[in-house]
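Data block below; observations after.
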Amino acid sequence: MGNFIMAFKEPMLALSNAPHRGGLTEASGFFFMRVPKNYSGDYKADCLAFERENGLGNFVGFMTAAEVDKVLSIAKSREVMAYVTAGITNPAIAGEVPPPWKPGTINIVLVIEEGLTVGAMVNAVMTATEAKTYTLLEISYNATGTTSDGIGIFAFEGEKEWAGTATEIGLNIGRAVRQALEESLRKWEKTRRVNSFNPY
Numbered sequence: 004m005g006n007f008i009m010a011f012k013e014p015m016l017a018l019s020n021a022p023h024r025g026g027l028t029e030a031s032g033f034f035f036m037r038v039p040k041n042y043s044g045d046y047k048a049d050c051l052a053f054e055r056e057n058g059l060g061n062f063v064g065f066m067t068a069a070e071v072d073k074v075l076s077i078a079k080s081r082e083v084m085a086y087v088t089a090g091i092t093n094p095a096i097a098g099e100v101p102p103p104w105k106p107g108t109i110n111i112v113l114v115i116e117e118g119l120t121v122g123a124m125v126n127a128v129m130t131a132t133e134a135k136t137y138t139l140l141e142i143s144y145n146a147t148g149t150t151s152d153g154i155g156i157f158a159f160e161g162e163k164e165w166a167g168t169a170t171e172i173g174l175n176i177g178r179a180v181r182q183a184l185e186e187s188l189r190k191w192e193k194t195r196r197v198n199s200f201n202p203y
């Protein structure tokens, strides 16, 4: 099925909406776990089982129905690494009633080799989201995201207070997210076309 596991050299501060160990915590790494398109299981139990089966501890876990090994894209801009898995069968626009739910998620994880305050990590979420939305609109998806997007910011605890678009970190967040998301979406479109010709 294809999953992705990233272990850090040392623990990092994590801020995310991940289904497994989301919120503000300390993490030894993160994973993207693939689930079936019709998944309706106990995500907490399944993520915990995945972590244990792979000998992991204190990892933050994201889920997706996309073929992780085929859509994962990674981009680096100076101190920022972006890891993105994209599937957009359920596009949505913030503030509008979404269409009937279908499986599809954009997961964005940023690993920032800097010491940030928690406030700066929240700022990084904002910058990454702006970059995601711009990318979707630029390549003609009429959406600001999907109905189940995930985001995670991993950084060292430190003194830098800002990560918005006026900062160097924010600039690198935007560049990394845009590059990785655009690439992941191209991969996802290619995978979808291939699957449409192969129903088995």
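In my numbering, the protein residues as written are 4 to 203.
In this text, a Cβ means the ideal position worked out from N, Cα and C, and glycines have one as well.
Margin query: Please report the distance separating the alpha-carbon of L206 from that of T170.
Written below: For the chain, the structure presents residues 4 to 203; residue 206 sits outside this window and is missing.
Next item on the list: Measure the C-alpha to C-alpha separation of S76 and Y86 and round it to an integer number of angstroms.
Entry: S76 and Y86: Cα-Cα distance of roughly 6 Å.
Notebook entry, point to check: DSSP three-state call for N175: helix, strand or coil?
Noted result: Looking at N175 - three-state DSSP - the assignment turns out to be helix.
Check: Does the beta-carbon of W191 have 16 or more other beta-carbons within 10 angstroms, so that it is buried, or is it exposed?
Finding: A buried status is given to W191, since no fewer than 16 other beta-carbon atoms sit within 10 Å of its beta-carbon.
Check: Would you report the Cα separation of H23 and F34, rounded to the nearest angstrom?
Finding: Taking C-alpha positions only, H23 is separated from F34 by approximately 9 Å.
Next item on the list: Would you mind sorting V38 into buried or exposed? The rule is 16 or more other CB atoms within 10 Å of its CB.
Entry: Per the 10 Å Cβ criterion, buried.
Next item on the list: Report the option in N6, K79 and M15 whose CA atom is closest to the CA atom of C50.
Entry: Comparing Cα-Cα distances from C50 to each of N6, K79 and M15, the minimum goes to N6.
Next item on the list: Identify which residue in L184, N61 and D45 has its Cα closest to the Cα of V204.
Entry: Look at the range of the chain in this structure, 4 to 203, and you will see that residue 204 is not part of it.
Next item on the list: Specify the secondary structure class of K12 as computed by DSSP and reduced to three states.
Entry: Three-state DSSP puts K12 in a strand.
Notebook entry, point to check: How big is the Cα-Cα spacing for A52 and A30?
Noted result: The alpha-carbon atoms of A52 and A30 are separated by roughly 17 Å.
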